[in-house]
Amino acid sequence: MGKLYGVSVGAGDPQLMTVKAVKIIENCGVLAVPRTKGENTLALSIAQQAADIKDKRIIYLDFPMTRDKKLLDENYDRITQLLCSELKENDVAVPVLGDISVYSTFSYIAERVAEKGFDVEICAGVTSFCAAAAELKLPLCLGNEPLHIIPYGCEDFEELLDIRGTKVIMKTGSHSAELADLLHRKGFAEHTSIVENCGLPDEKMYHSLDEVNDELGYFTVFIVHDKEKRHEA
Numbered sequence: 037m038g039k040l041y042g043v044s045v046g047a048g049d050p051q052l053m054t055v056k057a058v059k060i061i062e063n064c065g066v067l068a069v070p071r072t073k074g075e076n077t078l079a080l081s082i083a084q085q086a087a088d089i090k091d092k093r094i095i096y097l098d099f100p101m102t103r104d105k106k107l108l109d110e111n112y113d114r115i116t117q118l119l120c121s122e123l124k125e126n127d128v129a130v131p132v133l134g135d136i137s138v139y140s141t142f143s144y145i146a147e148r149v150a151e152k153g154f155d156v157e158i159c160a161g162v163t164s165f166c167a168a169a170a171e172l173k174l175p176l177c178l179g180n181e182p183l184h185i186i187p188y189g190c191e192d193f194e195e196l197l198d199i200r201g202t203k204v205i206m207k208t209g210s211h212s213a214e215l216a217d218l219l220h221r222k223g224f225a226e227h228t229s230i231v232e233n234c235g236l237p238d239e240k241m242y243h244s245l246d247e248v249n250d251e252l253g254y255f256t257v258f259i260v261h262d263k264e265k266r267h268e269a
């Protein structure tokens with residue numbers, strides 16, 4: 037009986053994949069690749085630049101673009117059945133962008149697979165916001181400063197922007213322009229750093245919102261710092 041591996045492949049640059057991630061992918065006979073709209077995935081393209089996958093059998097896990105809980109649960113159950121059928125004879129690796137512990141749908145699948153009696157292992161990876169902070173040469177937090185991870189559009193979102201500490205805003209998707217307008221209105225423009233397509237060939241960095249001239253893309257990380265000057269740790 038095989039094991040299911042959730043393999044975090046990092047933020048975009050294949051050099052950010054861990055040695056452990058590469059070894060797991062190369063040791064598994066099957067790669068189960070998440071995708072939406074029937075397209076090839078960024079996670080797979082990252083993985084194949086760091087690991088040898090030429091002899092792997094690749095299957096695709098199709099995820100619908102919907103927030104309908106019933107449809108999502110039905111799809112999770114379908115994917116679970118597919119993975120369990122593979123796990124009867126093979127170890128299966130699922131490459132996932134960033135780190136699986138941060139807003140990954142793999143967690144819903146892993147829970148269901150574990151309930152079916154199969155072993156599941158998670159391989160940690162570099163998150164998009166850690167990679168973005170490194171590119172910007174900017175610490176996310178110092179001393180006793182808190183760090184907050186906030187999904188765009190969550191309940192009380194505007195109020196959360198005012199709490200003390202660094203705010204990493206994720207899941208902006210196609211709403212980057214709306215978020216930028218909101219941050220301008222709240223006076224955060226010069227305190228907001230942005231990395232678009234972090235780790236990819238078309239990566240762009242901005243140290244303030246005022247530097248942004250073009251429309252921001254889908255894979256964009258916003259890092260909002262406190263307006264007050266930082267004190268030394």
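Its first residue numbered 37, the sequence shown is counted upward by one per residue in the working numbering. Quick reminder that beta carbons are idealized off the backbone N, C-alpha and C, glycines included. All values derive from a computational prediction rather than experimental measurement.
Limits of the unbroken alpha helix (DSSP H) element including Ser164: Counting from one through the sequence shown, the residue named residue 164 turns up at place 128. First-last of the alpha helix (DSSP H) with Ser164: Ser164 to Leu172.
Three-pair Cβ contact test at 8 Å for the stretch 76–91 versus the stretch 111–118: no
Determine the burial state of Cys166: buried for a count of at least 16 other Cβ atoms within 10 Å of its Cβ, exposed for fewer. On the sequence shown, residue 166 is found 130 positions in, with the first residue counted as 1. Buried, because 16 or more other Cβ atoms sit within 10 Å of the Cβ of Cys166.
Classify His272: buried if its beta carbon has 16 or more other beta carbons within 10 angstroms, exposed otherwise. Here the chain covers residues 37 to 269 and nothing more, so residue 272 does not appear.
Bridge-paired residues (DSSP) for Thr228: For this step, residue 228 is matched to residue 192 along the sequence shown. The partner list for Thr228 (beta bridge, DSSP) reads Val260.
Where does the unbroken beta strand (DSSP E) through Phe255 begin, and where does it stop? Taking the first residue of the sequence shown as 1, we reach residue 255 at position 219. Careful: Phe255 lies outside any beta strand (DSSP E) and carries neither H nor E.
Take Leu107 and list the residues in its own chain whose beta-carbon comes closer than 7 Å to its own, dropping the five residues that flank it on each side. The residue you call residue 107 lines up with position 71 of the sequence shown. Excluding positions up to five away in sequence, the list reads Pro100.
Where Glu181 and Arg103 are concerned, what is the direct C-alpha to C-alpha distance, given to the nearest angstrom? One-based indexing of the sequence shown puts residue 181 at position 145. One-based indexing of the sequence shown puts residue 103 at position 67. C-alpha separation (whole angstroms): 34 Å.
Identify the residues that DSSP records as bridge partners of Val149: which are they? Here residue 149 refers to the residue found at position 113 when the sequence shown is read from its first residue. Answer is none; Val149 lacks a bridge partner.
Specify the secondary structure class of Ala160 as computed by DSSP and reduced to three states. Against the sequence shown, residue 160 aligns to sequence position 124. The answer is coil: DSSP assigns Ala160 none of H, G, I, E or B.
Over what stretch of residues does the alpha helix (DSSP H) that includes Ser81 continue unbroken? Within the sequence shown, residue 81 is the residue found at index 45, counting from 1. Start and end: Leu78 to Ala86.
Tyr112: first and last residue of the uninterrupted alpha helix (DSSP H) it sits in: By 1-based counting over the sequence shown, the position of residue 112 is 76. Looking at the DSSP string, the run of the alpha helix (DSSP H) that includes Tyr112 is Lys105 to Leu123.
According to DSSP, simplified to helix, strand and coil, what is Val138? By one-based count along the sequence shown, residue 138 stands at place 102. In this structure, Val138 counts as coil in the three-state DSSP scheme.
Pull up the distance between the alpha-carbon of Val45 and that of Asp192, whole angstroms please. Sequence index remark: in the sequence shown, residue 45 carries index 9 (1-based). Sequence index remark: in the sequence shown, residue 192 carries index 156 (1-based). Taking the straight line joining both Cα atoms gives about 32 Å.
Near Gln159, which residues of its chain fall below 6 Å by C-beta distance, leaving aside the five closest residues on each side in sequence? Here residue 159 refers to the residue found at position 123 of the sequence shown. A small fix is needed here, since residue 159 is Cys in this sequence, not Gln. Cβ neighbours of Cys159 beyond the five flanking positions: Val43, Ser44, Lys56, Ala57 and Ile60.
Just the C-alpha distance for Asn63 and Thr202, rounded to the nearest angstrom, thanks. Taking the first residue of the sequence shown as 1, we reach residue 63 at position 27. Taking the first residue of the sequence shown as 1, we reach residue 202 at position 166. Taking the straight line joining both Cα atoms gives about 39 Å.
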